[in-house]
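What follows is a set of notes on a single structure, which appears directly below.
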Amino acid sequence: MSRPIIEVQGVSKRYELGQVGMTTFRDELQRLLGRAPAGPATREFWALREVNFTVEPGSIVGIIGRNGAGKSTLLKILSRITEPTAGEIHLRGRVASLLEVGTGFHPELTGRENIFLNGTILGMTRAEISRKFDEIVAFAEVDQFIDTPVKRYSSGMYVRLAFAVAAHLEPEILIIDEVLAVGDAAFQRKCLGKMESVSRLDGRTVLFVSHNMAAVSQLTTRAVVLKGGRVQFAGSTSEAIDLYVEEFETHLVRNYVTGPLPRKWPGTGHARIERLSFLKSTPVFQSDADIEFDVELSVARPISKLRISTTVFAADGSAVGGSFGAETDCWGAADSRITWRVRLPNPALAPGRYHLDLAAGHGDFIGDRQEYDVVTDVLYFEVLPPKSPSGVLARWESGWGHIMLPSLQCAPI
Numbered sequence: 018m019s020r021p022i023i024e025v026q027g028v029s030k031r032y033e034l035g036q037v038g039m040t041t042f043r044d045e046l047q048r049l050l051g052r053a054p055a056g057p058a059t060r061e062f063w064a065l066r067e068v069n070f071t072v073e074p075g076s077i078v079g080i081i082g083r084n085g086a087g088k089s090t091l092l093k094i095l096s097r098i099t100e101p102t103a104g105e106i107h108l109r110g111r112v113a114s115l116l117e118v119g120t121g122f123h124p125e126l127t128g129r130e131n132i133f134l135n136g137t138i139l140g141m142t143r144a145e146i147s148r149k150f151d152e153i154v155a156f157a158e159v160d161q162f163i164d165t166p167v168k169r170y171s172s173g174m175y176v177r178l179a180f181a182v183a184a185h186l187e188p189e190i191l192i193i194d195e196v197l198a199v200g201d202a203a204f205q206r207k208c209l210g211k212m213e214s215v216s217r218l219d220g221r222t223v224l225f226v227s228h229n230m231a232a233v234s235q236l237t238t239r240a241v242v243l244k245g246g247r248v249q250f251a252g253s254t255s256e257a258i259d260l261y262v263e264e265f266e267t268h269l270v271r272n273y274v275t276g277p278l279p280r281k282w283p284g285t286g287h288a289r290i291e292r293l294s295f296l297k298s299t300p301v302f303q304s305d306a307d308i309e310f311d312v313e314l315s316v317a318r319p320i321s322k323l324r325i326s327t328t329v330f331a332a333d334g335s336a337v338g339g340s341f342g343a344e345t346d347c348w349g350a351a352d353s354r355i356t357w358r359v360r361l362p363n364p365a366l367a368p369g370r371y372h373l374d375l376a377a378g379h380g381d382f383i384g385d386r387q388e389y390d391v392v393t394d395v396l397y398f399e400v401l402p403p404k405s406p407s408g409v410l411a412r413w414e415s416g417w418g419h420i421m422l423p424s425l426q427c428a429p430i
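Letter by letter, the sequence shown follows residues 18 to 430 of my numbering.
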């Protein structure tokens, strides 16, 4: 049995919070004489506590957890950017990391120069880097700018080149943080495919941090769940995602969106959407589940009819589809509040992240139509892959689109 390519043993990381800085000779003299003024106290913050896990060669492992769980700190330690306060890590291979925009490249150097610099740091010869050069540039789609200093790159160009360098210069261990979210949807799909191929075909190891559970489910077979700087779970991805979602349900507030709500244009002013709230405590849904939420409106002028409509958008901002409720009698007196329950029945959304635009008004597209109020970019939620009869999350390729079509009905004739 091969040895783990990554071993993390009892790793802890402490930071000092408060004012920590340089002292002058006068400060030190006053301190020695007992005359130093009381300064702001510092306090300890443990970003990681007794973290233990191993990673086998050639595997793709997800690192998941809520914001502040310690994911980025762990990756910085594994990337040798910072040292642990306690514990040990053992890495049996070269490491390439893509943690955040701005790391890994020298801003004054061109894209070409940074490619060769990074390859040299990984221990590759100039001839080895040259053999990979054209492939890197083509993957990153920056051929027109390869001799431009990277400080002039957009964040998307920077990330494309940084990922291409990390993935193509043949490190044994590839560490990828959520930074890929900077790229567009097409490039994200290309990156996910590349990570899968370098693991399956080249036998390299990938650590992947993401808040996108659909991507984690698609790409990884094992995952580590961090909570409060500690390992809460290490094992199968499906179990890890179930635990992560359960933790979400425990900690997220019920009223997911409250005012002031974003608006791109004013409505007639008869009524105003004041608050939106999901019925469940977390905005995470299975692909075959109804999506339900409450809409609270304040009525400025009497209304007798109300129609709620919504447009669903994917994470990349593309419209997935719209849905219109039937116009319904609604006796709203002036200066009153009314609450409506809205259900989008089994929208068959593919795994991924979505959000809604919401309108309240009356009429339809055929007759006279008026919008009392329109709010945009609200009610963010995530859809998980469907589960098979065995309880395992089904596989879904992100390039297949945003709608899961109904099951085919087949019969002999």
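Glycine included, every Cβ here is placed at the ideal spot set by N, Cα and C.
Assigned secondary structure, residue i (DSSP; H/G/I helix, E/B strand, else coil)
| i | result |
| --- | --- |
| A331 | strand |
| S214 | helix |
| S315 | strand |
| Y371 | strand |
| R169 | helix |
| F180 | helix |
| L186 | coil |
| V395 | strand |
| L209 | helix |
| I163 | coil |
| G338 | strand |
| L139 | coil |
| T356 | strand |
| F62 | strand |
| R97 | coil |
Per DSSP, cross-strand counterpart(s) of residue i
| i | result |
| --- | --- |
| K322 | D346 |
| V68 | V28 |
| K244 | R247 |
| E388 | G378 |
| Q303 | L401 |
| I193 | L115 and F225 |
| G220 | Partner(s): none; G220 has no beta bridge. |
| A288 | V316 |
| L134 | In the DSSP output, where bridge partners are listed per residue, L134 has none listed. |
| I308 | L361 |
| H107 | E24 |
| G79 | F225 and A240 |
Exposure of residue i, with buried meaning 16 or more beta-carbon neighbours within 10 Å
| i | result |
| --- | --- |
| A184 | buried |
| P283 | exposed |
| Q205 | buried |
| L218 | exposed |
| L296 | exposed |
| H123 | exposed |
| N363 | exposed |
| A351 | exposed |
| E33 | exposed |
| D390 | buried |
| A155 | exposed |
| S19 | exposed |
| P188 | buried |
| G339 | exposed |
| G128 | buried |
Residues near residue i by beta carbon distance below 7 Å, same chain, minus five either side
| i | result |
| --- | --- |
| E158 | R177 |
| M141 | L186 |
| K149 | H185 and L186 |
Integer Cβ distance of residue i from residue j, believed to fall under 8 Å
| i | j | result |
| --- | --- | --- |
| R97 | L139 | With a Cβ gap of about 13 Å, R97 and L139 do not count as contacting. |
| R324 | G378 | 6 Å |
| V182 | I163 | Contact doesn't hold; Cβ gap of about 12 Å is too wide. |
| I94 | T222 | The Cβ separation is near 16 Å, so there is no contact. |
| V301 | V262 | 5 Å |
| V167 | L126 | 7 Å |
| A231 | L373 | Not confirmed; about 18 Å, so no contact. |
| E130 | T285 | 59 Å between Cβ atoms; not a contact. |
| G252 | A179 | Contact doesn't hold; Cβ gap of about 31 Å is too wide. |
Close Cβ partners of residue i (< 8 Å) along its chain, the five nearest in sequence each way excluded
| i | result |
| --- | --- |
| L92 | I80, S114, L116, I192, D194, L224 and V226 |
| D381 | R324, F341 and E344 |
| G104 | V25, Q26, G27, V28, S29, E67 and V68 |
| E213 | I77 and L236 |
| I106 | I23, E24, V25, Q26, V28, I94 and L95 |
| A317 | G286, H287, A288, R289, A351 and D352 |
| T71 | P21, I23, E24 and V25 |
| T254 | G79, V233, S234, T237, T238, R239, A240 and L410 |
Nonlocal neighbours in the same chain, by C-beta distance under 6 Å from residue i, ignoring five residues either side
| i | result |
| --- | --- |
| T99 | K93 |
| F250 | V242, A257 and L260 |
| E309 | L296 and R360 |
| S326 | F341 and A376 |
| P279 | T393 and D394 |
| G87 | A64, L65, L243 and G246 |
Residue i beta carbon near the ligand HEM (any heavy atom closer than 7 Å)
| i | result |
| --- | --- |
| R148 | With respect to small molecules bound, the structure shown includes none, and the ligand HEM cannot be examined in it. |
Minimum Cβ-Cβ distance from residue i to chain B less than 8 Å
| i | result |
| --- | --- |
| K149 | Structure shown: chain B not included; a single protein chain is present. |
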